[in-house]
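The block underneath contains the structure these notes are about, expressed in structure tokens.
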Amino acid sequence: MSEEAIAKSCPFCCRNCNCKACLHNSEIVKLIIDSFVPLWTGLELSEIEVPQVVLRSNERLFCNNCKTTIVDYYRSCPRCSYDLCLTCCREIRDGCLQGGVNMYTSHFDRGKAYLHGGESLPLPSGKKSGIRFSSKKRMRKISQWKARENGDIPCPVNKLGGCGHEYLELKCIFANGWLSELKVKAKKLVKVHNLVDRPHHSGQSCSCFKLNGQIDPCSKSLRKAASREGVSDNYLYCPSATDVQHESLEHFKSHWIKGEPVIITNVLDYSSGLSWEPIVMSRAVRDTSYSKGSQKLVVKTVDCLDLCYMEGRTHSNSWPVILKLKDWPPSSLFEERLPRHGAEFMNILPYKDYTHPYSGILNIATKLPPDFLKPDLGPKAYIAYGVAEELGRGDSVTKLHCDMSDAVNVLMHTAKVDYSSKQVAEIEKLKRKHAIQDRREFFNPLYARDETFDMNHSKSEEKLRPISSMQSNTLSLNGKDGGALWDIFRREDVPKLGEYLRNHHKEFRHVYCSPVEQVVHPIHDQTFYLNMYHKKKLKEEFGVEPWSFVQQLGEAVLIPAGCPHQVRNLMSCTKIALDFVSPENINECIRLTDEFRTLPRNHRAKKDKLQVKKMCLHAIDYVVQGLEKLTE
10 MSEEAIAKSC PFCCRNCNCK ACLHNSEIVK LIIDSFVPLW TGLELSEIEV PQVVLRSNER
70 LFCNNCKTTI VDYYRSCPRC SYDLCLTCCR EIRDGCLQGG VNMYTSHFDR GKAYLHGGES
130 LPLPSGKKSG IRFSSKKRMR KISQWKAREN GDIPCPVNKL GGCGHEYLEL KCIFANGWLS
190 ELKVKAKKLV KVHNLVDRPH HSGQSCSCFK LNGQIDPCSK SLRKAASREG VSDNYLYCPS
250 ATDVQHESLE HFKSHWIKGE PVIITNVLDY SSGLSWEPIV MSRAVRDTSY SKGSQKLVVK
310 TVDCLDLCYM EGRTHSNSWP VILKLKDWPP SSLFEERLPR HGAEFMNILP YKDYTHPYSG
370 ILNIATKLPP DFLKPDLGPK AYIAYGVAEE LGRGDSVTKL HCDMSDAVNV LMHTAKVDYS
430 SKQVAEIEKL KRKHAIQDRR EFFNPLYARD ETFDMNHSKS EEKLRPISSM QSNTLSLNGK
490 DGGALWDIFR REDVPKLGEY LRNHHKEFRH VYCSPVEQVV HPIHDQTFYL NMYHKKKLKE
550 EFGVEPWSFV QQLGEAVLIP AGCPHQVRNL MSCTKIALDF VSPENINECI RLTDEFRTLP
610 RNHRAKKDKL QVKKMCLHAI DYVVQGLEKL TE
């Protein structure tokens, strides 16, 4: 055949190829370029030669004021190298600079007796617990930092981290004109591949719905997780690992693009049978450390798990001891510390096109260049004791928070902890003391010993019962012992959720079991866990109900970026989690980045670890270069 005849017959040359590579490339262009639209604004300049800085390999620039990653253009002091992002520059000119306030948190130990309803030790004289913000002097300095009439911005004074002598000069990281050229190329490819104005999804109902558009409650791929009225999202997509292997991504995408969590069952069916017991993992870490000549072993908590993870530990008053190991390892690669376990986890990951940290074609985080300082997205281990009963204090929980990226969390191992009848009786006594203390501190002291007063969030009048008998049918365990109770809130419910927490924040306890005195951000502070009482009250006052479900052994939970969530371990659990960045949720990641930058400078959620805006630029460049080669 002639070259011309081949070209006429070739699906790729006719731009009608349906092979996996072409479909994925087209999908990447559609999703990534669409998500890149918010970044065009404010990144282009007129034809001005801007000095380009040369960064060392793995070097990254942060704004000295708001701590956000600098993407390309920024201003810098020629004398002291104080760097300021364009957003902060714009806010200074508008007289509304954010993100430069410091916060100081003070927590005082009120004594062991206070933890279980006793009297508090006297607080240090002249000091208050809670949160303090920057001094009036610093606030005055921030308000005095103004731009000149021509728009020039002076370097801030020494108290704000600058030198106060020079004016900030415009600089860039990428070559001049690179962004504009990238935009032109991307728009051209959108047109060539007929992606203009194409919807992200067809809008047609997936197989989870009947022909009349109603949810099919008999579907084996659905799990009821809420009882909201007048909506169709009370059920979550819950395929088995086998279904995931044989189905296309389209069904998953139809749920994922709506911001719905997805639960995948039986992922351990594809494992080799490697044990994920903490004692086995601990030995593997020791073996790896010794073989590499390192005497540094895993954190001390793991050494305690030999028996207590299985059998539990208690304080002298019979109250359960709850220990947690989270975000391990803190910096070094999981695969280096536990190579066999790391390989096993990668093998069982569902939807690898999205979740795999190295080869996921739809994972935007994989598009970073080799010399780029990559964010630490995991995998990470979370090992914790857990009990089925809701204790009210000291529960094995991950408090309410919102991740900047998407995440997948797999429950790899569980162990049930049982208590003797004597210990249960002692726990009941302590819970009654907790309830009296809560009434005294949260409400009118006159109600402190009124057993009829409805402060039932501590459930002191109920016998200790497992979650399966206390929760509604929504959380049916299907005859199994559950591993972890998840509550995931919809993005559209975040404003009402935040309002509820601000209104009721003093009804929650945090460090040293002290009441939460102040709130900076109700979700990003990570100080709240909504127990059954507060979830009920939230629905009564605001009509907000989370997706609530129990994660079983071998189940993977995919959480979309921007969905606040909390977790309580019903058994001792070993979970492995991994972050990823999907094209569908890039805009949400960008929104969260902008939200985090307004937090106080030393807030726990402040640092821009993800660098999602820069990640988008490299992803677009990667896709554009790849498709240009294919279309040459």
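Quick note: the sequence shown uses the working numbering, first residue 10, plus one each step. For every residue, glycine included, the Cβ atom is placed at its ideal position computed from N, Cα and C. These figures come from a predicted structure and were not determined experimentally.
*Classify His574 as buried or exposed, calling it buried when 16 or more other Cβ atoms lie within 10 Å of its own Cβ.*
buried
*Hey, is the segment 390-401 in contact with the segment 359-372, meaning 3+ C-beta pairs nearer than 8 Å?*
Too few Cβ pairs lie closer than 8 Å, so no.
_Test item: CB-CB of Thr602 and Val621 under 8 Å_ = yes
*Let me know the secondary structure DSSP gives Thr96 once reduced to three states.*
helix
*Sort out for me which residues DSSP pairs Phe218 with in a bridge.*
Ile224
_Beta-carbon within less than 7 Å of Gly171's beta-carbon, same chain only, minus the 5 sequence neighbours each way: which residues are those?_
Taken in chain order, the residues that qualify are Cys86, Cys89, Tyr91, Cys164 and Pro165.
_Beta-carbon proximity check, Leu568 vs Asn372, cutoff 8 Å_ = The residue asked about is misnamed: residue 568 is Ile in this sequence, not Leu. Not in contact: Ile568 and Asn372 (Cβ atoms no closer than 8 Å).
*Kindly examine the ligand GTP and report whether one of its heavy atoms sits closer than 7 Å to the Cβ of Met148.*
The ligand GTP is absent from the structure shown, which contains no ligand whatsoever.
*Rounded C-beta distance between Tyr279 and Asn356? I'm assuming under 8 Å.*
Contact flag correct, Cβ pair sits at about 7 Å.
*asked:* Does Val311 come out as helix, strand or coil in the three-state DSSP assignment?
replied: Since pLDDT at Val311 reaches only 36, below the 50 mark, its modelled position is unreliable, and no value is offered.
_Helix, strand or coil at Asn111 [DSSP, three-state]_ = coil
*Since I believe Lys408 is in contact with Thr607 (beta carbons under 8 Å), could you give me their beta-carbon distance rounded to a whole number of angstroms?*
About 21 Å; that fails the 8 Å criterion.
*By a C-beta neighbour count over all protein chains shown, 10 Å radius and 16 as the cutoff for buried, is Tyr176 buried or exposed?*
exposed
*Asn512 versus Lys545 - alpha carbon distance*: 15 Å
*Does DSSP put Phe413 in a helix, a strand or coil?*
Sequence inspection shows Met at residue 413; the Phe mentioned does not correspond to that position. The answer is coil: DSSP assigns Met413 none of H, G, I, E or B.
*Do Leu587 and Gly654 come within 8 Å of each other at the CB atom, strictly closer than that value?*
As displayed, the chain neither begins before 10 nor continues past 641, which places residue 654 out of reach and without an answer.
_Under DSSP, the alpha helix (DSSP H) around Tyr509 begins and ends at which residues?_
Val503 to His513
*Hey, how far is the Cα of Lys623 from the Cα of Phe71?*
So the two alpha carbons sit approximately 12 Å from each other.
*To the nearest angstrom, how far is it from the Cα of Ile629 to the Cα of Lys229?*
38 Å
_C-beta contact flag for Arg119 and Cys98 at 8 Å_ = no
_Exposure of Val633, with buried meaning 16 or more beta-carbon neighbours within 10 Å_ = buried
*Over the uninterrupted beta strand (DSSP E) stretch that includes Ser280, give me the two end residues.*
Careful: Ser280 lies outside any beta strand (DSSP E) and carries neither H nor E.
*beta strand (DSSP E) containing Ile370: first to last residue?*
Run containing Ile370: none; DSSP gives neither H nor E here.
_Asp534, enclosing beta strand (DSSP E) - first and last residue_ = Judged by DSSP secondary structure, Asp534 falls outside any beta strand (DSSP E); it is assigned neither H nor E.
*Exposed or buried, which one is Asn482 when buried takes at least 16 other CB atoms within 10 Å?*
Bear in mind that the predicted position of Asn482 carries a pLDDT of just 38, short of 50, making it unreliable; the figure below should be weighed with that in mind. If you draw a 10 Å sphere on the C-beta of Asn482, you find fewer than 16 other C-beta atoms in it, and that means exposed.
*Using the C-alpha atoms, what's the distance from Ser581 back to Leu316?*
Note that Leu316 scores a pLDDT of 39, beneath 50, so its modelled location is shaky and nothing firm can be said.
*N- and C-terminal bounds of the beta strand (DSSP E) containing Cys572*: Counting along the chain, Cys572 falls outside any beta strand (DSSP E), and DSSP gives it neither H nor E.
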